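Novice: Can you keep this structure in mind? I'll have questions shortly.
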Amino acid sequence: MNANRDHPLHGRIAVVTGGCGGIGRAICERLVREGARVYAADLVRQTHPEVKYLECDVTCEQSSIDLVQHIKSHHDRLDILVNAAGIEIEKTIEETTLDEWNRIFAINVTGTFLASKHAIALMRKTGGSIINFGSYDGFIADPKLAAYCATKGAVHALTRAMACDHGPENIRVNAICPGFIDTPMLKSFFGEGGDSERSWEAAREVHPIRCYGTPEDVANLVFWLASDEAGYATGQLWILDGGLTAQVQQMRL
Amino acid sequence: MPDCQSSGVLAGKSAVITGGGRGIGRAIAEQYIRAGASVVCCGRSNRPDGYPVEAHWLRADVSRMEDVQRLRSTVEQLFGRLSILVNNAGVQIEKTILETTDQDWQTLMGVNAFGVFACSRELIPLMHDGGVIINMGSISGKAADPGLAIYNASKAFVHGLTRSIAVDHGPGIRCNAIAPGWIMTEMADAAFSAAKDPERARQDALSRHPAGRFGSPSDIAELATWLASDAASFATGQCYALDGGLTATSPLNLDLE
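These protein sequence lines map, in sequence, to chains A and B. If you read the first sequence in my numbering, its first letter stands for residue 144, the second for the next number, and so on. If you read the second sequence in my numbering, its first letter stands for residue 179, the second for the next number, and so on.
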């Protein structure tokens with residue numbers, strides 16, 4: 144390992160699925176800054192100049208196989224896998240079509256499964272860290288996000304299962320469970336126009352810390368979990384939500 | 179309230195209910211009597227007016243060991259043994275830690291923490307044929323209510339001790355906690371009355387409950403009856419939330435903003 148103080152991830156190879164999305168981009172940039180060679184695996188190219196782009200559809204097994212093959216042929220190692228690809232569907236189960244249900248599970252759950260399944264063979268050469276994306280919605284529900292809540296609950300259980308199975312191979316597996324992070328997904332959740340500004344303000348005030356998270360806040364935790372500092376951390380669900388789920392709902396009295 | 183389902187499920191059992199004078203404790207006492215149990219209830223005041231005649235009443239403060247020992251002798255004299263202990267007595271102090279005095283700590287932890295410990299230690303030896311302990315926890319012991327610092331912490335203690343009793347004293351003794359949400363007692367009524375717009379406050383609070391209503395003491399009594407009965411013989415070491423879905427929903431309820 145060539146890790147050094149200024150660049151603790153120097154010499155490490157990282158893959159971030161959904162690496163061109165709101166949170167994914169911040170993760171890629173942070174891992175680059177810490178010295179890793181970073182690949183953003185996504186459907187569309189939108190990356191920092193020092194981040195390498197690989198076209199990848201996480202719902203397609205061949206795409207995950209090709210992704211890992213590319214890393215293997217160029218580096219013969221993979222240290223960090225961040226499963227950040229994910230979508231949200233704002234519907235109750237009655238409104239959700241079977242196609243929509245299958246699509247969100249294909250990306251949020253099957254995508255995490257496929258990328259991890261094919262990465263593990265390469266990761267066990269050096270040991271490594273897999274970071275999945277759960278959500279606070281995997282613990283408590285927001286209205287009209289039924290399928291999304293279910294996919295995140297599945298990711299939480301999968302995280303624990305992977306940690307148990309691959310801990311002995313020196314592969315650590317954790318999930319980050321963000322609360323409200325200022326991303327395009329969140330803006331869509333609040334909706335456009337009229338009342339969205341008021342909702343935005345009101346929802347912020349419910350947080351004990353009185354602000355939304357930023358993609359950089361999430362990237363800070365990804366970096367820590369990816370680094371050797373987190374060498375004993377595995378199988379855990381790391382809620383990062385400004386204290387939102389630490390409090391009981393507050394009535395307006 | 180007649181209840182065919184639970185009638186007789188506690189026949190032949192003896193039960194102690196602390197804090198049994200009103201609210202949740204009284205509802206449990208009344209339901210246990212209907213279910214066929216012989217009950218001893220205690221509280222810090224005299225026997226309340228109109229209290230069920232079947233119940234034995236003992237004036238006792240669970241934060242005082244001598245009172246708890248008196249409770250034990252009473253149970254020994256009356257029944258010779260004990261089947262069910264409901265550690266329901268609890269007090270709430272609405273303060274942050276900076277506002278909390280040493281005396282507040284003694285008062286609250288004396289009842290909510292020491293009382294649960296003391297009653298369990300003194301009464302477990304009377305559970306000759308096995309027994310059931312039901313502790314009153316709270317959803318506030320899992321996530322915080324603002325301005326209720328040591329109350330929240332005391333309920334987390336209750337949840338922790340519940341697991342320890344289950345682990346140390348199983349299989350003979352089963353121990354579970356109930357974590358009630360918003361139960362319409364005098365305490366909750368007072369909170370609404372104090373609101374700027376009581377009706378709006380009530381609607382707001384209601385809309386945060388998927389069940390569409392607040393809980394009643396009898397809801398908690400129903401669960402306490404089931405947990406005490408042989409139907410729950412595989413349930414131990416758990417903390418069951420009974421809150422109309424309050425803690426299953428996100429604290430962000432955009433329809434309310």
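Virtual Cβ for every residue (Gly too), placed ideally from N, Cα, C. None of the values given here were measured: they were computed from a predicted structure.
Determine the burial state of Lys333 (chain B): buried for a count of at least 16 other Cβ atoms within 10 Å of its Cβ, exposed for fewer.
Specialist: buried
Novice: How many angstroms separate the CA atom of Pro192 (chain A) from the CA atom of Ile324 (chain A)?
Specialist: 24 Å
Novice: Within the same chain, show all residues whose beta-carbon is closer than 6 Å to that of Val310 (chain B), passing over the 5 residues directly before and after it, in chain order.
Specialist: Ile262, Arg352 and Ala406
Novice: Excluding five sequence neighbours on each side, which residues of the same chain lie with their C-beta closer than 7 Å to the C-beta of Met179 (chain B)?
Specialist: Unreliable positioning characterises Met179 (chain B) in this predicted model, as indicated by a pLDDT of 45, which lies under 50. A coordinate reading is not provided.
Novice: Find the nearest neighbour of Asp285 (chain A) within the set B:Arg386, B:Ile211 and B:Asn224, judged by alpha-carbon distance.
Specialist: B:Arg386
Novice: Examine chain A for any beta-carbon lying closer than 9 Å to the beta-carbon of Glu435 (chain B), and answer yes or no.
Specialist: Note that Glu435 (chain B) scores a pLDDT of 48, beneath 50, so its modelled location is shaky and nothing firm can be said.
Novice: Would you say Val317 (chain B) lies against chain A (beta-carbon separation less than 9 Å)?
Specialist: This sequence places Ile at residue 317 (chain B); Val is not what is there. True, the Cβ-Cβ gap to chain A drops below 9 Å.
Novice: Do Gly270 (chain A) and Ile232 (chain A) have their C-beta atoms within less than 9 Å of each other?
Specialist: no
Novice: Are any of the Cβ atoms in chain A nearer than 9 Å to that of Asp382 (chain B)?
Specialist: With 9 Å as the cut-off, Asp382 (chain B) counts as an interface residue toward chain A.
Novice: If we ignore side chains and look at the alpha-carbon of each, how far apart do Gly277 (chain A) and Gly164 (chain A) end up?
Specialist: 16 Å
Novice: Please report the straight-line C-alpha distance between Thr425 (chain B) and Phe392 (chain B), rounded to a whole angstrom.
Specialist: 13 Å
Novice: Where does Leu243 (chain A) fall in DSSP's three states?
Specialist: Contrary to the premise, residue 243 (chain A) reads as Glu rather than Leu in this sequence. It is helical.
Novice: Beta-carbon of Pro180 (chain B) versus every beta-carbon of chain A: anything under 9 Å?
Specialist: Low confidence applies here, because Pro180 (chain B) scores a pLDDT of 47, under 50, leaving its location unreliable; read the following figure in that light. So no, Pro180 (chain B) is outside the interface.
Novice: Please determine whether the Cβ atom of Asp280 (chain B) lies at a distance below 8 Å from any heavy atom of the ligand ADP.
Specialist: Absence of the ligand ADP from the depicted structure is noted, as is the absence of any ligand whatsoever, leaving it without description.
Novice: Please identify the residue among A:Ser216, A:Asp280 and A:Arg267 whose C-alpha is closest to the C-alpha of Cys320 (chain A).
Specialist: A:Asp280
Novice: Check for me: the alpha helix (DSSP H) holding Trp404 (chain B) runs from which residue to which?
Specialist: Pro395 to Ala406
Novice: Using the Cβ count rule (16 or more neighbours within 10 Å means buried), how would you classify Lys191 (chain B)?
Specialist: buried
Novice: Taking 9 Å as the threshold (C-beta atoms), are Leu210 (chain A) and Leu430 (chain B) in contact?
Specialist: Contact flag unset, no.
Novice: Let me know if Gly325 (chain B) comes out buried or exposed under the rule of 16 or more other beta-carbons within 10 Å of its beta-carbon.
Specialist: exposed
Novice: In terms of alpha-carbon separation, which member of B:Ala322, B:Gly268, B:Pro226 and B:Gly288 lies closest to His350 (chain A)?
Specialist: B:Ala322
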